[in-house]
Amino acid sequence: MRSMQVETIPVLLAAKIRSALDNETIPVHVVPSADRRFGDYQTTVAMQVAKQRGVNPRTLAQEITSRIDMAPMGPPPEIAGAGFINFRLDPHWLAARTAALAADARLGCPPILRRTLVVDFSSPNVAKSMHVGHIRSTILGDCICRIGRFLGHRVIADNHIGDWGTQFGILLVGWNTLLNREALAKEPIAELERLYKTVSAQCDPDKPGYDPGLRAQAKQELVKLQAGDSKNLASWREMIRLSQIQFDEVYARLGVRFDHMYGESFYNPALKGVVEDLLQKGVARESEGAVCVFSDHTVPEKDDPFLIQRDGQWVDVPAIVQKADGAANYMTTDLATLDYRLREFSPDDIVYVTDGRQQQHFRQLFAVFRRWRPEAAARVTLSHVWFGSILGEDNKPFKTRSGDTVKLADLLDEAVERAERLIAERNPELDPAERAATARIIGLGAVKYADLSPNRQGDYVFNWDKMLSFQGNTAPYLQYSYVRIQSIFRKSAEGGRPVAAPAADSPLTLTEEAEILLAKRLNQFGEILPQVIVDYKPNILATYLFDLAGCFHNFFESCPVLKSEEPIRSSRLALCHVTGRMLREGLAMLGIEVPERM
RNA sequence: GCGCCCGUAGCUCAGUCGGAUAGAGCAUCAGCCUUCUAAGCUGAGGGUCGCUGGUUCGAUUCCAGCCGGGCGCACCA
């Protein structure tokens with residue numbers, strides 16, 4: 057399929073305005089009109105410019121519109137209110153554009169400057185089960201990758217697995233003293249979690265069974281591991297191997313793929329050099345036995361990630377790159393990772409998808425990196441794409457290590473089971489094999505959509521019913537819209553008239569209100585998709601698809617397709633075809649599949 | 001204390017580079033299946049956009065100050 061390589065409607069209209077203003081650089085925002093009475097698109101640029109120039113906005117709007125030639129897009133623009141300029145689209149022009157859209161591989165997305173994007177997401181920990189806390193990063197990150205790829209960017213998905221750190225001291229003590237081989241063979245992650253839980257409780261001074269000796273032993277095992285002790289190294293590798301099996305299973309179910317899974321340990325050999333280089337360049341210095349990066353006082357105190365006000369005084373909150381015990385921490389690892397990625401991939405953007413509580417960490421990380429490698433930092437945009445917490449019914453965050461978390465695998469099972477029950481109820485004719493396959497698509501889609509449709513920065517309360525609700529603004533609603541379109545094509549084929557994909561030059565005939573509204577909405581896909589990636593906000597795409605589905609249902613209710621006469625019939629089939637494709641591909645960008653029947 | 005985020009319909013949430021009469025879903029009520037899948041569609045009711053000021057022709061959106069909630073604040077990630 058070819059690409060039509062055209063600009064979006066707001067871009068075309070903005071160009072006309074700029075040319076009318078004799079100013080090619082002025083920012084002009086053309087947006088879909090809030091109300092249908094005000095046409096299809098509107099701009100407030102006349103009021104803004106009039107303000108700067110101290111002239112009457114309506115007069116200026118008059119001047120602008122008199123110099124705009126709208127043909128063949130639509131009638132001359134209208135002026136309304138205080139100086140709004142409203143544009144209307146000619147249905148014939150819209151019909152031609154929609155026909156081209158139907159045959160466009162990019163669904164109307166404008167050409168882009170290709171960028172290289174590294175996306176760091178999911179980041180599960182070895183020896184722990186993946187739980188609801190991992191779901192947002194995994195699904196959001198995957199979605200960003202998918203949209204980036206669709207737009208034509210080079211995307212590198214990198215899973216920064218937690219395979220190193222102090223928890224392995226505790227795990228090794230458990231491994232050496234409490235390991236049940238049988239349990240490990242049966243349920244490796246559950247057994248590893250049991251080891252961790254048992255030993256860590258005894259290493260916690262605030263807990264009843266506290267054993268200082270065991271705590272020292274854990275530290276000892278960690279030191280041995282870090283020093284390359286072969287026995288500990290072998291145990292550690294076994295833990296990673298067992299964990300990797302779990303990760304692979306979950307990712308396969310979710311349809312998430314990574315280009316790399318370099319764990320934290322991958323960067324171990326580089327850590328010493330990072331610290332030395334920071335010291336040598338004067339970015340870091342020793343403080344209380346640790347190696348730290350302090351504020352360089354180049355930004356106002358309140359914007360300085362290395363300062364905080366306490367009791368009216370600005371005090372240092374340095375970034376620690378080497379602890380007093382000589383060990384590196386996650387700041388060091390992240391710096392080494394950043395350095396590696398820049399050398400290996402030469403990215404234009406690096407995106408970190410984590411929860412919002414790590415905002416300070418990333419502000420410090422980015423600031424340290426800019427001071428450490430200014431020339432490299434100038435070539436890359438670093439973004440922390442953060443999201444809110446998942447809360448329990450009591451409005452308190454899920455605790456990560458206290459056992460009360462819902463396992464991701466269980467969540468997915470439950471979603472699929474619920475979907476299967478619902479399908480059996482609604483559509484008993486589906487044979488069991490198709491029902492199972494459809495249940496998987498619907499159940500997983502519901503879970504993903506529940507995470508992608510709200511604003512990522514908000515917290516949300518975990519709730520089975522809400523997450524798996526199949527009514528209203530949900531994935532099943534969108535999938536259902538697609539299914540109904542496919543049903544039309546099936547019916548047509550059964551009647552001996554299979555429907556071919558519409559050609560770019562096959563004319564559409566748009567007469568009914570619902571057809572025109574649907575066509576307008578279809579043409580907005582190319583406007584919203586770039587917005588989604590600019591702010592990394594998949595909910596914009598989700599909202600668009602929901603809205604599109606609404607327009608389709610509206611059209612579907614009021615405009616018979618197969619029973620209408622030519623040329624209306626072909627025209628409506630083309631509308632169905634492009635809507636179906638947009639729903640399928642739009643949902644695919646959210647990581648959601650579509651069934652043919654449900 | 002300081003920083004970040006949040007506060008929009010009974011509930012869950014969209015919407016802000018300032019724009020016209022603030023939108024959905026759920027729930028409630030009233031309609032629509034002999035007709036392309038009713039997981040749908042149409043309509044109704046429901047709002048001091050936390051409060052108070054400021055900037056502006058125009059503020060849910062920007063600024064300041066409050067109120068309420070969440071998170072974070074040297075060697076965990």
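Residue numbering for the first sequence follows the working numbering, starting at 57 and increasing by one per position. Backbone N, C-alpha and C fix where the C-beta goes; we use that ideal spot for every residue, glycine too.
- For residue 213, the enclosing beta strand (DSSP E) has its first and last residue at 210-214.
- By the Cβ neighbour-count rule, residue 187 is buried, with 16 or more other Cβ atoms within 10 Å of its own.
- Judged by DSSP in its simplified three-state form, residue 288 adopts helix.
- Around the Cβ of residue 308, a 10 Å sphere holds fewer than 16 other Cβ atoms; the residue is exposed.
- With respect to the 8 Å criterion, residue 212 and residue 256 are not classified as neighbours on the basis of their beta carbons.
- Within the DSSP bridge table, the entry for residue 432 names no partner.
- Your pair residue 635 and residue 574 checks out as a contact, with CB atoms roughly 7 Å apart and the cut at 8 Å.
- With contact defined as three or more Cβ pairs closer than 8 Å, the segment 601-620 and the segment 565-581 are in contact.
- In this structure residue 352 does not touch residue 429 by the C-beta definition: roughly 15 Å separates them, more than the 8 Å allowed.
- Distance check between residue 339 and each of 320, 362, 356, 319 places 362 closest, using alpha-carbon atoms only.
- The closest CA to that of residue 196, considering only 319, 648, 144, is found on 648.
- Between residue 639 and residue 605, the CB-CB gap stays under 8 Å.
- According to the DSSP assignment, residue 143 belongs to the beta strand (DSSP E) that extends over 140-143.
- Judged by DSSP in its simplified three-state form, residue 615 adopts coil rather than helix or strand.
- Under the three-state reduction of DSSP, residue 500 is assigned to helix.
- Look at residue 539 here: in three-state DSSP terms it is helix.
- No residue range can be given for residue 125, since it is assigned to no alpha helix (DSSP H) and is classified by DSSP as neither H nor E.
- The Cβ atoms of residue 494 and residue 651 lie closer than 8 Å to each other.
- Note: residue 99 is bridge-paired with 86, 141 in the DSSP secondary-structure output.
- Shown here for residue 258: same chain residues with a beta carbon closer than 6 Å to its own, the five before and five after excluded, namely 265, 267, 270 in chain order.
- Inter-segment contact for the segment 166-174 and the segment 390-410 is present: three or more beta-carbon pairs are separated by less than 8 Å.
- A contact is defined here as three or more CB-CB pairs under 8 Å, and the segment 592-602 meets this definition with respect to the segment 505-517.
- Between the C-alpha atoms of residue 394 and residue 540 there is a straight-line separation of about 47 Å.
- Counting along the chain, the unbroken alpha helix (DSSP H) around residue 635 starts and ends at 624-645.
- At least 8 Å separates the beta-carbon of residue 180 from that of residue 314.
- Here residue 235 has 247, 251 as same chain residues with Cβ atoms under 8 Å from its own Cβ, once five neighbours each way along the sequence are excluded.
- Its Cα nearest to that of residue 67, the residue 167 stands out among 331, 442, 499, 167.
- Taking a 10 Å sphere around the C-beta of residue 193, we find 16 or more other C-beta atoms and assign the residue as buried.
- Residue 343 is bridged by DSSP to 346.
- Rounded to the nearest whole angstrom, the C-alpha separation of residue 517 and residue 444 is 10 Å.
- With respect to the 8 Å criterion, residue 305 and residue 219 are not classified as neighbours on the basis of their beta carbons.
- CA-CA distance, residue 93 to residue 132, rounds to 15 Å.
- Apart from the 5 residues on each side of it in sequence, residue 156 sits with its Cβ closer than 6 Å to the Cβ of 60, 560 in its chain, given in chain order.
- Between the beta-carbon of residue 372 and that of residue 350 there is about 5 Å, and that keeps the pair under the 8 Å contact cut.
- A direct Cα-Cα distance of roughly 10 Å separates residue 536 from residue 526.
- The DSSP assignment places 341-343, 346-349, 363-366, 369-372, 375-378 as complete runs of the beta strand (DSSP E) inside the segment 328-408, in order along the chain (cut-off: 3 residues).
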